[in-house]
Amino acid sequence: MTTSFKGTKPSRRQFLSGAAAAGAGTFVAAQARAAGDPAITELQPWTQQLGDGVDVAPYGMPSEYESHVKRRTVEWLTADPISSINFTPLHELDGIITPNGLCFERHHGGAAHIDPAEHRLMINGLVETPLVFTMQDLMRFPRENHVYFLECAANSGMEWRGSQLNGCQFTHGMIHNVMYTGIPLRLLLQEAGVKTEGKWILPEGADAAAMTRSIPMEKALDDCLVAFKMNGEALRTEQGYPVRLVVPGWEGNMWVKWLRRIEVGDKPWHHREETSKYTDLLADGKARRFTWEMDAKSVITNPSPQAPLTHGKGPTVLTGMAWSGRGTIPRVDVTTDGGITWHQARISGPSLDKSMHRFYYEFDWDGGPLYLQSRAHDSTGYVQPTKDQLREFRGVNSIYHNNGIQTWYVNEEGIAENVEIS
Amino acid sequence: AEAEGPFGLGREALPEEIAAWDIDIRPDGKGLPEGRGNVWDGEGVFVEQCAVCHGDFGEGVGRWPVLTGGFDTLTDQRPVKTTGSYWPYLSTVWDYVHRAMPFGNAQSLTDDEVYAITAYLLNMNGLVDGDFELSHENFSEVTLPNEDGFYMDDREELELPEFTRDPCMENCKESVEITMRAAVLDVTPDEAVQTM
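In the order they appear, the protein sequences are chains A and B. If you want my numbering, it's the position in the first sequence, counting the first as 1, plus 437. If you want my numbering, it's the position in the second sequence, counting the first as 1, plus 103.
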């Protein structure tokens, strides 16, 4: 990546720091002064030679210069790469929609490859008529389109004891936000006829983990979707192809992928993923169960440890994302001095229920150290707490639901670091 | 307005289809199939099918999950959460082993083998004697130590009022100091953090 330098001349200290882009920018700027910018004065091959034909990429991929924009994993987090996690590169994205190929993955039995012709969805239990649907059947129900975030309950979970991973991809990247096309779950349940005693559902996956979760009927009839498209195309294999459950605002574990069965019952099942896992151990040794909603949260994605400031002082764009499982985000505050003074950021793009929101704060960087934080407000009036406020209620062993305010320290060279501050 | 049906789509599920897929077990024993297995047989199956990852005594090999022990550690700095120390219900053990284990060969165990493994896990956790046999008949008599260790999400009453307040915007604190740094730990994958 080369950037031609504009604005204030970088300090000698920045030049000597050798940060790649800052150095290259300075070099280009010096050359440009001498004899014109060769990016302009010399004929480039892409200007002279022909590009690719339209038959080269029937399904296109990003530019070769964007190959660093990818999901990453952290090997030491899990025992193996099958029941594991990877992370969305939030620091490279903008807007609110996550590209399908970059949506983080969380599997418990690997990503199943399912032939849609052989896939079935069963509804059984406390219903008038237990039913089996083929994919062809499902495509004949009325559809809806909604943009929702899916956040893993464990997103930021490694940070409960303090700053650990250096980059918002790792601290906040167990999230994606896409437009789902699907059938209101309500319609499928009505087709089977839920009996009056039916108070809970148990969705189950067709993969080797046969993931199950108990979901109260009220939520099932409210806004859950049985989705088969994301961002306009079929679900990706790793996101549950051919069909998954969408549980807006609630922890990602409940969004059962490769959905093959929904049982209706009168009590929760207390299965492994809602007893051993996805329960939140508190300091007194007791644990919360059924912590479904994801609280309001935000993170600054640029600058951040993977996206340092390389342009020197002057006009600077700070951006990030905010979301809440309880509604929309009418406001985000940001601070550059560690919370002494806060400024209201600017939200740009659609403000949708239980979806990511994109915020910006443009400021004139004086080249001094920055202590960056963002603070989301949601439509219920909830204000994103600090990590210390959360620890007062929960201790440090609850693993899940860490929505505490993130701090990035940016030094004079523009290098950013994950820190905690007083 | 959206049509609300019914649409007459799908077909009735057959009893044998439901039986093939509806394998879930609840704490009250609903869903448990007939069968039985004792600690002795459970040890045999466990050593053959489970110990390569979970260890001969459920202690866990390498980074694989620890299944036993960890009693009275839930308030420790590093709690050890196992079937014995943390799980509330035995039904969850039966259900999960039956639906998802062994890892890589799920749903290969017979009902009697799952009863036997469950009995062996109880024994390794010191909760039953070596001559114990678990069956669909005595299943509900077994309670796990941490059954009462869980309560319903109470964030709405406890936390939300505290976090629903107008926040400070100016002169919010005197000074700012760094108290912890991720770079000191240095556990982030190297290639991910670039200065470009």
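Backbone N, C-alpha and C define an ideal beta-carbon position, used for all residues, glycine too. These figures come from a predicted structure and were not determined experimentally.
Neighbouring residues, chain A, relative to residue i (Cβ below 9 Å)
| i | result |
| --- | --- |
| T267(B) | T817, G818, Y819 and V820 |
| P182(B) | L718, G722 and N834 |
Rounded separation between residue i and residue j - CA only
| i | j | result |
| --- | --- | --- |
| P679(A) | T649(A) | 17 Å |
| S761(A) | S792(A) | 7 Å |
| K507(A) | M283(B) | 28 Å |
| E162(B) | M611(A) | 30 Å |
| N592(A) | E628(A) | 36 Å |
| E260(B) | D492(A) | 59 Å |
| P292(B) | A853(A) | 16 Å |
| G751(A) | M255(B) | 51 Å |
| G776(A) | A285(B) | 20 Å |
| S521(A) | R598(A) | 21 Å |
| A219(B) | N141(B) | 5 Å |
| L112(B) | E596(A) | 47 Å |
| D257(B) | D251(B) | 16 Å |
| T213(B) | H505(A) | 47 Å |
| A645(A) | G804(A) | 53 Å |
| G547(A) | P518(A) | 8 Å |
| N848(A) | R812(A) | 21 Å |
Residues near residue i by beta carbon distance below 7 Å, same chain, minus five either side
| i | result |
| --- | --- |
| L622(A) | A657, C661, L662 and V663 |
| K446(A) | Any reading at K446(A) needs caution, since the residue's pLDDT is 37, under 50, leaving its predicted position unreliable; the model's value is listed next. Hits under 7 Å: none found. |
| W692(A) | L587, R681, L682, V683 and V684 |
Option nearest residue i by Cα separation, candidates the options
| i | options | result |
| --- | --- | --- |
| I560(A) | S500(A), G702(A) and T478(A) | G702(A) |
| A724(A) | D732(A), M731(A), Y715(A) and E730(A) | Y715(A) |
| T178(B) | K824(A), S859(A), S835(A) and P653(A) | S835(A) |
| P553(A) | F665(A), E641(A), H780(A) and V856(A) | F665(A) |
| D289(B) | G604(A), A643(A) and E581(A) | G604(A) |
Chain A residues whose Cβ lies nearer than 8 Å to that of residue i
| i | result |
| --- | --- |
| F110(B) | R577, F578, L624 and E628 |
| A203(B) | H545, G546, A645, A646, A647 and R709 |
| W143(B) | The contacting residues do not exist; W143(B) stays about 26 Å from chain A at best. |
| N274(B) | I777 and T778 |
| T178(B) | A720, D721 and G722 |
| T195(B) | H707, H708, R709, T712 and S713 |
CB of residue i within 8 Å of CB of residue j, strictly
| i | j | result |
| --- | --- | --- |
| P787(A) | F266(B) | no |
| T756(A) | F796(A) | yes |
| I126(B) | H201(B) | yes |
| A782(A) | D770(A) | yes |
| Q601(A) | L527(A) | no |
| L746(A) | W706(A) | no |
| W197(B) | V217(B) | yes |
| S211(B) | I128(B) | no |
| V223(B) | F174(B) | The residue you asked about is not Val; residue 223(B) is Tyr in the sequence shown. No, these two residues do not count as a Cβ contact at 8 Å. |
Per-residue contacts from residue i into chain B (C-beta, under 9 Å)
| i | result |
| --- | --- |
| E503(A) | What E503(A) touches in chain B: nothing, since even the nearest Cβ is about 13 Å away. |
Proximal residues to residue i (C-beta, below 6 Å), its chain only, five neighbours per side dropped
| i | result |
| --- | --- |
| W190(B) | L247 |
| S243(B) | G132 |
| N523(A) | R508, T510, F541 and E542 |
| H544(A) | none |
| I638(A) | I652, A657, I699 and V701 |
| K632(A) | L563 |
Proximal chain B residues relative to residue i, where beta-carbon distance stays under 7 Å
| i | result |
| --- | --- |
| T716(A) | F253 |
| G841(A) | Near G841(A) there are no residues of chain B at all, since even the closest Cβ is about 11 Å away, more than 7 Å. |
| V569(A) | G113, R114, A116 and E120 |
Contact list for residue i against chain B, beta-carbon separation under 8 Å
| i | result |
| --- | --- |
| S600(A) | M283, R284, A285 and L288 |
| F690(A) | Sequence check: residue 690(A) is Asn here, not Phe. The premise fails here: N690(A) is roughly 14 Å from chain B at the closest Cβ pair, so nothing lies under 8 Å. |
Residues near residue i by beta carbon distance below 8 Å, same chain, minus five either side
| i | result |
| --- | --- |
| G669(A) | M616 and T618 |
| L230(B) | G187, V245, L247 and P248 |
| N537(A) | V615, M667, N668, E670, R673 and Q676 |
| N840(A) | S593, M731, D732, A733, K734, Q821, P822 and L827 |
Closer than 7 Å at the beta carbon, the chain A residues around residue i
| i | result |
| --- | --- |
| D214(B) | Going along chain A, no residue has its Cβ under 7 Å from D214(B), so there is no contact; the nearest lies around 16 Å. |
| P292(B) | R509 and V511 |
| W190(B) | T712 and S713 |
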